[in-house]
Amino acid sequence: MLALLVAMIYSACTGNAAKDSADEKSAAPPNVIFIMADDLTTQAISAYGNIYKDIAPTPNLDRLANEGMLFQNVMCTNAICGPSRAAILTGDYSHINGYYKNESGGKFDSTKWTFPLEFQRNGYQTSLFGKWHLGTNPVGFDEYRFHAAVSQQGLYWNPVYNHNGLEEEVKGYATNLTTDFAINWMSGQRDTSKPFLMLLQYKAPHRSWEPDTIYANLWDDIEMPYPATFNDDYKGRELTAGDTEMTMDYLCRRDMKLESPEGLSDLEQIKWGFYGAGRGELVQPEGMSNEEGRKWRYQRYIKDYLACVKSLDDNIGRVLDYLDQNGLSDNTMIVLTSDQGFYLGDHGFFDKRFIYEESLRMPFIVRFPDRVKAGSANKDIISNIDFAATFLEVAGIETGHQMQGRSFAPMLDGKAPGDWRQSMYYHYYEFPFWHHVQPHYGIRTQQYTLAHFYYNIDQWELYGLKKDPQQMHNVINDPAYAEEVAELKAELKKLQEYYGDGRSLAEYREITDRDFGRITTGDGVVEDLEQVVRGKDRLFVASPLSKNEDWKIPDNNLNSIYFHYSK
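To convert, note that position 125 of the sequence shown is 199 in my numbering; the numbers rise steadily by one, no gaps.
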């Protein structure tokens, strides 16, 4: 009897100790790894279901979804690289954080509050590896190593990094190197007594879509499937979707990885390589019809893009393996996203920018074993300005800073707030470079997308997402939708007032026209863009080393340079 009593007491004590240990574990501040690829889209991730899922699966991205929560309606407020990054960092729209556009958009204001800075102030060790692309040096990081070359766009091969203020060239493939830096920091350079926030931001799969050598010829013997909207004729949208420079007709020799003739000067190589980016120029083998050439360009483009995604998937697998092997998985929240979506031949496009679904929606997956139910999903309307507030709440950090975004942390527990938004506001400003997409603003609800294109046209568009999920039919003038149009326009005005973006069209156009400056300085002026592509402005060529006064094409590689246009 005495032995039984002792056993019961021992069991109770050890049970309480185990419970206390579990409570302490769950109460420990979580680590946060924010993984952001550049131009990654839901159509390229097999967990989202897509036409490539059997040909080009993404097992490690799928693992995140299977072990975490897959979000279906996370959207960006301005579908272009720098402005989306600024919105994520600050929790504010472009008109508040001041970063409206990539082209002539200037530099991000490094005095702005950002969520990494708040993490750092609250005892987290912070790091950034990969792509930054905001002009100024990062603030709020104990360690950083970001792409410094070609106006911070970075290079796929032998990239130049800014490592805590000093530039260095590192041999290898950027996607692999960025992961190396992250794992090396986690394994031997961080203070293990502190929780950490790590921003792991890959260049891939951004243009110029350069695969690692092991995947360069992965799908040479097959024909990739075509999106259902590949042959969109833009009926009813001739002045918007039908008047861009981002269809398959605008993929240039450089994109197609064609080798330039021998004996060309550097400038001649530039002109030769970017042939195809101008109107009326088609890059295709002799003897092909225009339709055959269009499909040929798509095949080369999509295979390179998906090969870059495959390396990205491999490297995310490396990060997951490291966390597993070092006992860090359970208390580490991993977030996988992109700066916006992207077109993979959808509507005949590449690139992004539009409020249309493929570019508006961001892939977003959260794995956090201590909190998030495996295999769960969410369809609430969330935007990229909500990330900062959410990460802070998950980490238990209170801030007095006011931002426009709102935390969706309760959704990680499967509990959406009763007063959560039912629509989101969008505004894109950049025109005409790059890709000649009309500036526009609009809203997206669960059932509709309403947009107003306003720069040198005045066109409204409405899409019913239930009946027309591919957004092929603009029903703005359909009398059957008159009531919905009135309600959506009223909601749009309400959101503009709520977010403080209720300016006049003239003021909006002035932002598009304004030259805020270049993202980096010190690059040489080469000549008029008219002689290179088609325009009337001046062409800048960024040298491989951003502080190098002399520009040269390294190793005669056109993909090692990146072009910026300035009025």
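A virtual CB, placed ideally from N, CA and C, is assigned to each residue, including glycine.
All figures in this text were calculated on a predicted structure; none of them were measured in a lab.
Around the beta carbon of T249, 16 or more other beta carbons lie within 10 angstroms, which makes this residue buried. From the listed residues T406, R427, G180 and I408, the smallest Cα separation to G415 is found for R427. Shown here, Q275 sits in a strand according to DSSP, grouped into three states. Take E141, set aside five residues on each side of it, and the residues of its chain with a beta-carbon closer than 8 Å to its own are R441, P443, A448 and G449, in chain order. Straight-line measurement puts the Cα of I455 at about 33 Å from the Cα of D589. The beta carbon of E319 lies closer than 6 Å to those of H509 and H510 in the same chain, with the five residues before and after it left out.
Excluding its 5 nearest sequence neighbours in each direction, L410 has C-beta neighbours in its own chain below 6 Å: I109, L138 and I439, listed in chain order. Cβ-Cβ separation between A381 and L292: approximately 6 Å, consistent with a contact (criterion under 8 Å). The DSSP-derived three-state label of R392 is helix. Bounds of any beta strand (DSSP E) do not take in G156; it lies within the alpha helix (DSSP H) bounded by C155 to T164. With respect to D460, S385 sits apart: the two C-beta atoms are not nearer than 8 Å. In the three-state reduction of the DSSP assignment, I376 falls in the helix class. The residues Q512, F527, I531 and Q533, in chain order, have a CB closer than 8 Å to that of L313 in the same chain once the five nearest residues on each side in sequence are set aside. With a 10 Å radius around the Cβ and a threshold of 16 neighbouring Cβ atoms, D398 comes out exposed.
The C-beta distance from D329 to S403 rounds to 39 Å, too long to meet the 8 Å contact threshold. The continuous stretches of beta strand (DSSP E) do not include E141, and DSSP gives it neither H nor E. When DSSP states are grouped into helix, strand and coil, N105 belongs to the strand group. The C-beta of S578 has fewer than 16 other C-beta atoms within 10 Å across all chains shown, which makes the residue exposed.
At a Cβ-Cβ threshold of 8 Å, H237 and R219 count as neighbours. Distances from the CA of G156 to each of E557, M546 and D112 were compared; the closest alpha carbon is that of D112.
For N236, the enclosing beta strand (DSSP E) covers residues V234 to H237.
Here the C-alpha atom of G179 lies approximately 19 Å from the C-alpha atom of N458. With fewer than 16 other beta carbons inside 10 angstroms of its own, Y572 counts as exposed. DSSP places Q199 within a strand segment (E or B) once states are collapsed to three. Contact check for T200 and F182: beta-carbon distance about 17 Å, past the 8 Å limit, so the pair fails to qualify.
For Q226, no pairing in a beta bridge is given by DSSP.
Counting of Cβ neighbours within 10 angstroms places W259 among the buried residues, the total reaching 16 or more. Distance from Y500 to T116 at the Cβ level is roughly 17 Å; contact not present, criterion being Cβ atoms closer than 8 Å.
According to DSSP, H510 shares a beta bridge with no other residue.
In this structure, the CA atom of F270 is about 8 Å from the CA atom of P104. Boundaries of the alpha helix (DSSP H) around W346: D340 to G347. Going by beta carbons, G367 and Q358 fall inside the 8 Å limit. By the 16-neighbour rule on beta-carbons within 10 angstroms, T523 is buried. Rounded to whole angstroms, the Cβ separation of E584 and N176 is 18 Å, and the two are not in contact under 8 Å. With contacts defined as CB atoms closer than 8 Å, Y430 and P279 fail to qualify as a contacting pair. Across the structure, I390 and T253 are spaced so that their CA atoms are roughly 8 Å apart.
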